[in-house]
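K.L.:
Those protein sequences? They're chains A and B, same order as listed. The opening residue of the first sequence carries number 0 in numbering that gives the first Met the number 0; numbering runs sequentially from there. The opening residue of the second sequence carries number 0 in numbering that gives the first Met the number 0; numbering runs sequentially from there. The C-beta atom is built at its ideal place from N, Cα and C for all residues, glycine as well.
Protein chains: 2
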Amino acid sequence: MEIQVAVAKVGKYATRESGDTLEMIERPRGGLSVVLVDGQQSGRGAKAISNLVARKAVSLLGEGVRDGAAARAAHDYLFTQHEGKVQACLNIVSIDLVSKTLLFTRNSPLPIFVVRPDGVQELAAPSTPVGLYRHTRPVITELPLEDHTTAVVYTDGLASAGIRRGQPFPLRAAVERLHSEGLAVAQKWADRLLAEALERDEQRPVDDISILVVAVLPRQAPDDARRLLVRMPL
Amino acid sequence: MEIQVAVAKVGKYATRESGDTLEMIERPRGGLSVVLVDGQQSGRGAKAISNLVARKAVSLLGEGVRDGAAARAAHDYLFTQHEGKVQACLNIVSIDLVSKTLLFTRNSPLPIFVVRPDGVQELAAPSTPVGLYRHTRPVITELPLEDHTTAVVYTDGLASAGIRRGQPFPLRAAVERLHSEGLAVAQKWADRLLAEALERDEQRPVDDISILVVAVLPRQAPDDARRLLVRMPL
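1. In chain A, which residues lie with their C-beta within 7 angstroms of the C-beta of Asp200 (chain B)?
2. Could you pull out every unbroken alpha helix (DSSP H) segment of at least 4 residues lying fully inside the stretch 134–216 of chain A, listed in chain order?
3. I want to know whether the stretch 89–99 of chain A touches the stretch 24–31 of chain A - three or more CB-CB distances under 8 angstroms.
4. For the stretch 41–61 of chain B, enumerate the residues whose C-beta is nearer than 7 angstroms to any C-beta of chain A, in chain order.
5. Is the separation between the beta-carbon of Asp19 (chain B) and that of Val4 (chain B) shorter than 8 angstroms?
6. Straight-line CA distance for Glu141 (chain B) to Leu102 (chain B)?
7. Can you give me the Cβ contacts of Ala214 (chain A) inside the same chain, cut-off strictly under 6 angstroms, excluding the 5 residues immediately before and after it?
8. In the DSSP assignment, find the unbroken beta strand (DSSP E) run with Ser32 (chain B) in it and report its ends.
9. What does Ala7 (chain B) touch in chain A if you count any residue whose Cβ is under 7 angstroms from its own?
10. Which stretch, first to last residue, makes up the alpha helix (DSSP H) that contains Lys55 (chain A)?
11. In its own chain, which residues sit with a C-beta less than 8 angstroms from the C-beta of Glu1 (chain B), not counting the 5 before and 5 after it?
12. Taking C-beta pairs closer than 9 angstroms, name the residues in chain A that Gln3 (chain B) reaches, listed in chain order.
13. Taking the alpha-carbon positions, what's the Ala124 (chain B) to Gly67 (chain B) distance?
14. Taking the alpha-carbon positions, what's the Val138 (chain A) to Pro128 (chain A) distance?
15. Is the beta carbon of Ile94 (chain B) less than 8 angstroms from the beta carbon of Gly61 (chain B)?
16. With a cut-off of 8 angstroms, does the C-beta of Leu77 (chain A) fall near any C-beta of chain B?
17. For Gln80 (chain A), which three-state DSSP category applies?
18. Is the beta carbon of Trp188 (chain B) closer than 8 angstroms to that of Leu177 (chain B)?
19. Quick check: is the beta carbon of Pro143 (chain A) nearer than 8 angstroms to any beta carbon in chain B?
20. 8 angstroms is my cut-off, CB to CB: does Leu31 (chain B) come that close to chain A?
21. State yes or no: is the C-beta of Val64 (chain B) within less than 8 angstroms of the C-beta of Glu22 (chain B)?
22. Please classify Thr104 (chain A) as buried or exposed, where buried requires at least 16 other C-beta atoms within 10 Å of its C-beta.
23. My guess is that Ala173 (chain A) and Leu192 (chain A) are in contact by the Cβ rule of under 8 angstroms, so how many angstroms apart are they, rounded?
24. Excluding five sequence neighbours on each side, which residues of the same chain lie with their C-beta closer than 8 angstroms to the C-beta of Ile162 (chain A)?
25. Mind checking who Leu89 (chain A) pairs with in its DSSP beta bridge?
26. Taking Gly10 (chain B) as the reference, give the member of A:Ile91, A:Arg226 and A:Gln86 with the closest Cα.
27. Counting only Cβ pairs nearer than 9 angstroms, list the residues of chain B close to Arg218 (chain A).
28. Taking Cβ to Cβ, would you say Gly156 (chain A) is nearer than 8 angstroms to Asp207 (chain A)?
29. Quick test of your reading: His74 (chain B) and Thr14 (chain B), contact by CB under 8 angstroms. State the CB separation rounded to the nearest angstrom.
30. Is Thr135 (chain B) a contact residue of the ligand MN, with contact defined as CB to any heavy atom under 7 angstroms?
31. Do you know how far the Cα of Thr154 (chain B) is from the Cα of Gln40 (chain B)?
32. Please classify Asp222 (chain B): does DSSP put it in a helix, a strand, or coil?
33. What residue does the beta strand (DSSP E) around Met283 (chain A) start on, and which one ends it?
34. On a Cα-Cα basis, can you pick out the residue from A:Arg43, A:Gly44, A:Gly181 and A:Gly38 that is closest to Val114 (chain A)?
35. Measuring CB to CB, does Ala69 (chain A) end up less than 8 angstroms from Ile91 (chain A)?
36. Would you list the one or two residues that DSSP bridges to Thr100 (chain A)?
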């Protein structure tokens with residue numbers, strides 16, 4: 000089989016940089032962890048917060064610290080640094096080759112969509128952002144690493160796209176539609192969702208939008224190579 | 000303009016994992032750093048070494064430590080941990096949006112190829128791997144961030160492809176050829192070089208091969224989104 004990770008990320012209209020941070024790190028015992036953090040508000044301040052939380056989490060994950068402990072530590076660090084005054088939404092998605100699972104660690108009220116041949120599931124157990132309350136803990140979900148699984152994780156700019164016109168993005172319906180179209184590769188999922196969001200926001204995003212798609216697919220690559228591609232317009 | 004980063008990475012034939020590690024991190028004041036490390040020998044042991052060096056470097060770069068200091072620290076860490084007994088080749092490529100430069104930090108005897116419209120240049124000043132000698136320091140090259148610049152960084156599995164048949168890969172000639180073909184996007188550079196290396200190794204790589212291509216191109220993206228794509232065959 001083959002794992003694909005795709006990310007599409009835009010900043011709020013007319014801000015210099017996105018307040019969201021995405022980082023990725025190899026798990027020392029095999030696999031990959033991707034961390035997506037949405038810092039409170041937008042612009043420079045939000046970026047500094049999301050960067051701090053994401054860095055703490057990836058640095059621990061890279062040392063082999065388990066995901067739940069990395070999320071707790073990232074929370075404790077933010078809570079200590081900013082005395083409980085700023086918050087961030089934190090999601091960690093890990094492909095763990097030791098346990099052969101997909102591991103979702105959520106500190107965010109937004110659900111994660113998991114799409115499998117039998118339908119769309121929401122990981123939506125109540126979960127709070129990191130940074131505000133002393134004993135915040137993540138909600139963890141572990142799924143078997145099986146073919147034909149697609150997970151969609153995002154920051155709230157996606158969910159709130161269209162809000163300027165009073166029509167927030169019906170995300171679940173969009174995910175159902177892409178699923179029924181039989182969309183396979185991760186990049187198309189991310190690009191389609193981003194394009195729809197930008198259209199709803201008339202190409203001027205009301206908030207930072209980041210979309211992270213992790214797909215487990217039947218093997219498509221012609222060789223055994225791992226590949227990475229980044230595109231960054233300046 | 001647009002920055003593209005492409006990586007293609009395979010392990011030595013019949014080993015469970017590559018001894019090379021590639022990690023990437025956002026620079027806190029804007030831009031991106033990519034770290035490529037080739038650990039001594041191959042397999043598990045090499046991976047543990049390259050992972051340790053790469054993690055130390057990205058974690059410092061993520062905190063805003065300058066590239067040369069991050070390379071020195073990664074060296075010092077490996078030298079201390081392994082008492083000067085193991086070595087690793089370390090390359091850092093940074094896209095620095097503050098200084099508007101491409102920054103190359105080499106601790107490796109292998110040259111880096113820089114391709115611009117006027118031809119192919121080699122960053123080949125003598126440079127030693129990290130880990131062995133107390134005062135190892137990197138060789139640093141800073142180039143302006145200009146359109147139509149492509150940099151090719153790699154581990155020695157690429158240079159030694161074909162060595163089983165006594166015909167090591169004439170890399171400079173391959174880079175000249177791709178340049179004369181007018182190859183633009185980063186991914187094609189990485190894929191073409193990998194395909195040629197695998198052919199020389201009869202699809203059974205003699206050593207871990209990693210190829211990192213950083214390209215500065217005229218804007219091609221239809222929108223302002225940053226995009227990331229990872230493909231990992233299992």
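P.N.:
Working from what's here:
1. Going along chain A, no residue has its Cβ under 7 angstroms from Asp200 (chain B), so there is no contact; the nearest lies around 12 angstroms.
2. 155–158, 170–179 and 185–199
3. yes
4. Asn50, Arg54, Ser58 and Gly61
5. no
6. 5 angstroms
7. Gln3, Thr149 and Ala185
8. Gly30 to Gly38
9. Ala224 and Arg226
10. Gly42 to Gly61
11. Val215, Leu216, Pro217, Arg218, Gln219 and Ala220
12. Leu228, Val229, Arg230 and Met231
13. 16 angstroms
14. 11 angstroms
15. no
16. no
17. helix
18. yes
19. no
20. yes
21. no
22. buried
23. 6 angstroms
24. Val205
25. A:Val36 and A:Asn106
26. A:Arg226
27. Pro232 and Leu233
28. yes
29. So it is not a contact: roughly 26 angstroms between Cβ atoms.
30. Inclusion of the ligand MN in the displayed structure is not the case, the ligand content being empty and no account of it being possible.
31. 12 angstroms
32. coil
33. Missing from the structure shown is residue 283 (chain A); chain A here goes from 0 to 233 and no further.
34. A:Gly181
35. yes
36. A:Asp95 and A:Pro143
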